[in-house]
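In the numbering used here, the protein residues as written are 979 to 1401.
The C-beta atom is built at its ideal place from N, Cα and C for all residues, glycine as well.
Report on the structure given below.
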RNA sequence: GGAAAGUUGGCAGAGUGGUCGAAUGCGGCGGUCUUGAAAACCGUUGUCUGUAACAGGACCGGGGGUUCGAAUCCCUCACUUUCCGCCA
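Next up, the structure:
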């Protein structure tokens, strides 16, 4: 959520930056500003009446104590009026505030200065490409074919148990999953992240805190009986650990990592591009979340980006890094890097990680603050990134490393899998 | 699922109608003392809103009500804890 004080004082800048996003409802900005003015003037009126009423009440108390019953009654009769006026004003105020809230939550975060204008993924900037795209044999198979050939991932079985998008990993397939999770967590630990295990069902307040609600309501699985949501990413529970917290400056940077399954309804997705592991309803992911001093957040974003890249290098996967254009960025993000791995068999790039700086957009909702050296409260900056999401990594490992003999496990993973070949 | 008790400032915990934004302790900050530190002692210490600054306003789990006046009384919802039941 944007800060109204910023919008109020920087109206033109806000409009300009929302245009970078190609945001379609620019009129919301002025509507929000007008409502804010309305709210504030109504508040002033209501508060001055409240002040009179408070003073009168105090006086009555004083007179009663002195036993001056009649004088007290006289004031009493008068102060009934305050109540009526206040009631009317406060009802207006409540209405205005409701409207204001409905509108301000529709405004996405403002893109950082480095973010390019653009509408779709076509306009994303390629920052770098790393690694050789391997030349696969003529008869190279896509990962879903390899999964069937070696009997390591069973999509049909998942359909029986749950439905499409819920695969069953079997034998070495399951072990590869576990190896990757452990590898990613160990790497994160080495890089100073604290490992946490968090709930994978969250309440509405948490969904709001990180921006999934109300923006992406329909994308999350919802447990009606208990009014809880299944997490779409560990970002939600991990970041929400700090909801309402007042942090100390010396605590920064706060670095947490968590492995969780993630659940996404992916309503409306279909077609060949969602085949196999490319898009699932349930998948595994190791997530990084940082809370940092506002001055440091872009430095930290670069750091997180290179860390994610180091994982891809260790797995010997060819990848590229994109800086998302305004139009392709998530609602809450100020700047996002996507990491994509080349799928030789599918002849396309697959997104395996997304690293974002949310600046104060999440912390303003979360009310995650710290007391600065100036003695004042400030909102922290939040960042997160996948490191990494498993399914597409698995897809690429299978595809890139296929040989006549079988699938060769990347060296760095062998201590984790306990085997070198899937054959 | 049944029953009971709770929800107050960074934490612990008092407060059952006005002088309560709230005792006290801990913690934090500043100081005295000390070569330095600890201890002790003294002072100070909530958030949001608002103002040029003051003033003013809001906040004792959320919402509503009673009252001139609510942390305190009533209603309602949520959550937490404990006991019983069930159970990995």
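Could you give the residue range of the alpha helix (DSSP H) that holds residue 1121?
Looking at the DSSP string, the run of the alpha helix (DSSP H) that includes residue 1121 is 1121-1127.
If I'm right that residue 1303 touches residue 1083 with Cβ under 8 Å, what's the distance once you round it to whole angstroms?
Between residue 1303 and residue 1083 the beta-carbon gap is near 23 Å, outside 8 Å, which marks them as no contact.
Look at the Cβ atom of residue 1329, then the Cβ atom of residue 1297, and state whether they are nearer than 8 Å.
The beta carbons of residue 1329 and residue 1297 sit no closer together than 8 Å.
Name the two residues that bound the continuous beta strand (DSSP E) containing residue 1048.
Premise fails: residue 1048 lies in the alpha helix (DSSP H), 1047-1082, not in any beta strand (DSSP E).
Would the beta-carbon of residue 1213 fall within 8 Å of that of residue 1265?
Going by C-beta atoms, residue 1213 is nearer than 8 Å to residue 1265.
In terms of alpha-carbon separation, which member of 1016, 1080, 1219 lies closest to residue 1067?
Out of 1016, 1080, 1219, 1016 has the C-alpha closest to the C-alpha of residue 1067.
Straight-line CA distance for residue 1359 to residue 1058?
Distance between the alpha carbons of residue 1359 and residue 1058: 47 Å.
Residue 1381 and residue 1157 - do their beta-carbons sit closer together than 8 Å?
Not a contact, by the Cβ cut-off of 8 Å.
Any alpha helix (DSSP H) of 4 or more consecutive residues that is wholly inside the stretch 1114-1182:
Positions of the alpha helix (DSSP H) runs, each at least 4 residues long and wholly inside the stretch 1114-1182, are given as 1121-1127, 1133-1139, 1150-1168 in order along the chain.
Which one of 1388, 1398, 1387, 1376 has the shortest CA to CA distance from residue 1131?
For residue 1131, the nearest C-alpha among the options comes from 1376.
Whole angstroms is fine: what's the gap from residue 992's alpha carbon to residue 1085's?
Rounded to whole angstroms, residue 992 to residue 1085 spans 10 Å at the Cα level.
Measure the alpha-carbon distance for residue 1369 versus residue 1261 and round it to whole angstroms.
Rounded to the nearest angstrom, the two C-alpha atoms are 7 Å apart.
Rounded C-alpha distance that separates residue 1242 from residue 1235
If you draw a straight line from the Cα of residue 1242 to the Cα of residue 1235, it comes to about 20 Å.
8 Å contact criterion, which residue 1278 and residue 1363 should meet: CB distance rounded
With a Cβ gap of about 10 Å, residue 1278 and residue 1363 do not count as contacting.
Nearest by alpha-carbon distance to residue 1215: which of 1237, 1239, 1178, 1190 is it?
By alpha-carbon distance to residue 1215, the top candidate from 1237, 1239, 1178, 1190 is 1178.
Classify residue 1355: buried if its beta carbon has 16 or more other beta carbons within 10 angstroms, exposed otherwise.
The residue is exposed, with fewer than 16 neighbouring Cβ atoms inside 10 Å.
Which stretch, first to last residue, makes up the beta strand (DSSP E) that contains residue 1215?
Note, residue 1215: premise wrong, no beta strand (DSSP E); alpha helix (DSSP H) at 1213-1218.
My output table needs one value for residue 1318: the three-state DSSP class, helix, strand or coil.
Under the three-state reduction of DSSP output, residue 1318 falls in the strand class.
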